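*Asks:* In our numbering, the protein residues as written are 39 to 262.
Ideal Cβ positions, reconstructed from N, Cα and C, are used throughout, including at glycine.
On a predicted model such as this, the values are computed, not experimentally measured, just so you know.
Following this message is one structure expressed as structure tokens.
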Amino acid sequence: MSYPSAEHPLSMAELAALIAADIPQGSYVNLGIGQPTKVADHLTADQGVILHTENGMLGMGPTATGDQIDPDLTNAGKVPVTALPGAAYFHQADSFAMMRGGHLDVCVLGAYQVSLTGDLANWHTGRPDAIPAVGGAMDLAIGAKQVLVMMSLFGRDGTPKLVPSCDYPLTGVGCVSRVYTDLGIFEVGPGRDAVTVLATFGTTIDELADRLTVPVSTRESSLA
Numbered sequence: 039m040s041y042p043s044a045e046h047p048l049s050m051a052e053l054a055a056l057i058a059a060d061i062p063q064g065s066y067v068n069l070g071i072g073q074p075t076k077v078a079d080h081l082t083a084d085q086g087v088i089l090h091t092e093n094g095m096l097g098m099g100p101t102a103t104g105d106q107i108d109p110d111l112t113n114a115g116k117v118p119v120t121a122l123p124g125a126a127y128f129h130q131a132d133s134f135a136m137m138r139g140g141h142l143d144v145c146v147l148g149a150y151q152v153s154l155t156g157d158l159a160n161w162h163t164g165r166p167d168a169i170p171a172v173g174g175a176m177d178l179a180i181g182a183k184q185v186l187v188m189m190s191l192f193g194r195d196g197t198p199k200l201v202p203s204c205d206y207p208l209t210g211v212g213c214v215s216r217v218y219t220d221l222g223i224f225e226v227g228p229g230r231d232a233v234t235v236l237a238t239f240g241t242t243i244d245e246l247a248d249r250l251t252v253p254v255s256t257r258e259s260s261l262a
């Protein structure tokens with residue numbers, strides 16, 4: 039897929055729209071807590087994407103607003119959501135069995151770090167005062183057929199979050215295939231010696247190469 043050019047870094051909402059457009063038609067998809075939930079608001083009915091949540095729902099719709107809000111109908115992040123026609127509810131144990139059993143086509147997760155070989159760190163920074171919260175991320179990381187990450191490319195201190203190897207405790211090894219960030223989209227995965235830049239936003243490949251600590255390359259690709 040070719041991505042639109044942008045003269046500025048993308049907002050998380052703009053990034054969510056790109057991810058939604060990339061999800062293959064008819065996929066069963068889980069959206070991680072936080073920014074990835076925004077993807078639900080950009081899916082179209084003709085895509086036929088069915089959203090799954092680990093708290094026990096299949097057929098989740100966009101975020102609920104106004105009179106749509108039902109306090110008993112939330113996603114795993116406790117955000118009020120809508121239910122599409124035909125939605126199903128089930129025990130959380132059954133939901134995790136779907137995740138661990140390889141029944142999800144795609145999951146979209148946030149991350150603290152992703153390595154060029156697709157290792158994912160998104161549950162603990164390792165700081166003594168930090169509160170670890172793995173939730174269902176480790177089950178999604180190993181159970182989904184395709185793991186996409188949505189994150190800012192650099193931390194508040196300017197440190198890259200796309201790295202040669204993760205410093206933080208790992209959620210999964212070699213599980214991530216694509217990383218969507220405010221400054222660019224990258225392919226990663228096992229056996230790579232460089233990340234592949236698929237698009238840049240408000241910057242250039244040369245500028246990214248100067249700021250990142252991983253080697254970069256370019257080539258055409260599409261989400262399989």
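Any idea which residues DSSP pairs Val-185 with across the strands?
*Replies:* Note: Val-185 sits in a beta bridge opposite Cys-145, Val-214.
*Asks:* Would you call Lys-116 buried or exposed, if buried means 16 or more other Cβ atoms sit within 10 Å of its Cβ?
*Replies:* With fewer than 16 Cβ atoms within 10 Å of its Cβ, Lys-116 is classed as exposed.
*Asks:* Examine the Cβ distances between the region 41–49 and the region 67–74 and report whether three or more of them are shorter than 8 Å.
*Replies:* Cβ pair count under 8 Å is below three, so no.
*Asks:* State the DSSP-derived secondary structure class of Val-252, mapped to helix, strand or coil.
*Replies:* If DSSP states are grouped into helix, strand and coil, Val-252 belongs with coil.
*Asks:* Measuring straight from C-alpha to C-alpha, what distance separates Gly-104 and Ala-55?
*Replies:* One C-alpha to the other measures close to 22 Å.
*Asks:* Name, in chain order, the residues that DSSP records as bridge partners for Val-233.
*Replies:* DSSP, once it has assigned bridges, lists Val-254 as partnering Val-233.
*Asks:* Pull up the distance between the alpha-carbon of Ala-262 and that of Ala-78, whole angstroms please.
*Replies:* With a pLDDT of only 45 at Ala-262, under 50, the local geometry of the prediction cannot be trusted, and the value read off the model is given with reservation. Their Cα atoms are separated by approximately 20 Å.
*Asks:* Let's see if you can read the secondary structure: which residues bound the alpha helix (DSSP H) around Ser-133?
*Replies:* It spans 130–138 - the alpha helix (DSSP H) in which Ser-133 sits, taken as one unbroken run.
*Asks:* Excluding five sequence neighbours on each side, which residues of the same chain lie with their C-beta closer than 6 Å to the C-beta of Ser-255?
*Replies:* Correct list, in chain order: Ala-232, Thr-234.
*Asks:* Using only CA atoms, which one of Asp-143, Thr-241, Ile-61 lies nearest to Thr-219?
*Replies:* Among Asp-143, Thr-241, Ile-61, the Cα nearest to that of Thr-219 is on Thr-241.
*Asks:* Tell me the rounded alpha-carbon separation between Ser-259 and Arg-216.
*Replies:* The pLDDT assigned to Ser-259 is 48, lower than 50, so where the model puts this residue is not dependable, and the model offers no usable value.
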